[in-house]
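Written out below as structure tokens is the structure these notes cover.
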Amino acid sequence: MWLPVHSVIRTDRFETVHSFECISNHNYVADGLVVHNCRYCQNADISQRRKVEGIEVEPQDVVRMTLEQGCQGLAYTYNQPTIFIEFARDIGMLARKAGLINIFVSNGYDTPETVAEMPKFLDCVTVDFKGSGETNFVRKYINIPNAEPIFQTILDTRDTKKIHIEITDLIVPQVGDDLGAARKL
457 MWLPVHSVIR
467 TDRFETVHSF
477 ECISNHNYVA
487 DGLVVHNCRY
497 CQNADISQRR
507 KVEGIEVEPQ
517 DVVRMTLEQG
527 CQGLAYTYNQ
537 PTIFIEFARD
547 IGMLARKAGL
557 INIFVSNGYD
567 TPETVAEMPK
577 FLDCVTVDFK
587 GSGETNFVRK
597 YINIPNAEPI
607 FQTILDTRDT
617 KKIHIEITDL
627 IVPQVGDDLG
637 AARKL
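Under our numbering, the first residue of the sequence shown is numbered 457, with each subsequent residue one higher.
See the structure below:
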């Protein structure tokens with residue numbers, strides 16, 4: 457079960473899902489489950505519904521809605537897509553057969569098993585860093601000891617040679633803005 461989906465009421469041609477090199481001039485159907493709560497994340501507020509409403513949808517429904525809207529693909533975003541990896545994989549495999557592109561926008565904090573699943577259905581992964589992965593920043597605001605597992609996920613994903621990888625970085629002035637850390641990305 458995947459909630460909430462009421463309907464696709466608009467598609468944006470503006471590239472709010474940043475995958476500049478994977479495909480340009482794109483529009484995607486973007487998901488959104490109600491679970492995200494990282495500090496300093498632009499999606500934290502929109503993902504925290506007080507009342508969960510929606511309809512139950514199946515993978516084929518998501519693909520059908522995407523095609524009906526004339527979108528080129530699906531972006532699994534607005535929260536960590538690997539928390540529903542099985543559902544995303546089921547959608548992604550059907551979407552790929554339908555000629556659609558599949559993109560994860562991920563925090564990059566993934567297991568090797570998850571990375572092994574990704575080439576089966578993904579075309580692109582955008583790893584969305586916060587504060588350039590600075591140790592003090594990720595400890596305080598993301599509640600992880602360091603960003604090394606994220607860097608390892610990027611390397612493991614690169615090594616599959618089947619998925620395009622992009623990195624975005626939310627620079628937070630005065631608490632997550634170290635140029636050295638940004639250059640490391």
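For each residue, glycine too, the CB sits at the ideal point set by N, CA and C. Bear in mind that the values here come from a model prediction, so they are computed numbers and not experimental data.
About 5 Å separates the beta carbons of M549 and F577, which is inside the 8 Å limit, making them a contact pair. The beta-carbon separation of I559 and Q528, rounded to 10 Å, does not stay under the 8 Å limit for a contact. Contact between the stretch 581–593 and the stretch 632–641 is present: three or more C-beta pairs spanning the two stretches fall below 8 Å. The alpha-carbon separation between I623 and N563 amounts to approximately 10 Å. In the displayed model, K586 falls within a strand according to three-state DSSP.
Nearest Cα to L523 within the set P629, G555, D546, Y532: G555. Within the same chain, P515 come within 7 Å of D546 by CB-CB distance, once the 5 residues on both sides are set aside. For L626, the CB contacts under 6 Å within the same chain, skipping 5 residues up- and downstream, are K586 in chain order. Here T613 really is in contact with V571; their C-beta atoms are around 6 Å apart, less than 8 Å. Between the alpha carbons of K596 and V628 lies a distance of about 13 Å.
With a beta-carbon spacing of about 14 Å, P575 and T609 fall beyond the 8 Å limit used to define contacts.
Under a 10 Å Cβ-count criterion, P568 is classified as exposed, with fewer than 16 other Cβ atoms of the shown protein chains found around its own Cβ.
The three-state reading of DSSP puts V631 in coil, since its state is none of H, G, I, E or B. Residue environment for N535: buried (at least 16 other C-beta atoms within 10 angstroms of its C-beta).
Closest in C-alpha terms to A544, from the list Q525, A637, E573, comes E573. Residue burial annotation: P537 is buried, with at least 16 other C-beta atoms found within 10 angstroms of its C-beta.
The alpha carbon of D566 has as its nearest neighbour, out of P605, A531, D579, the alpha carbon of P605.
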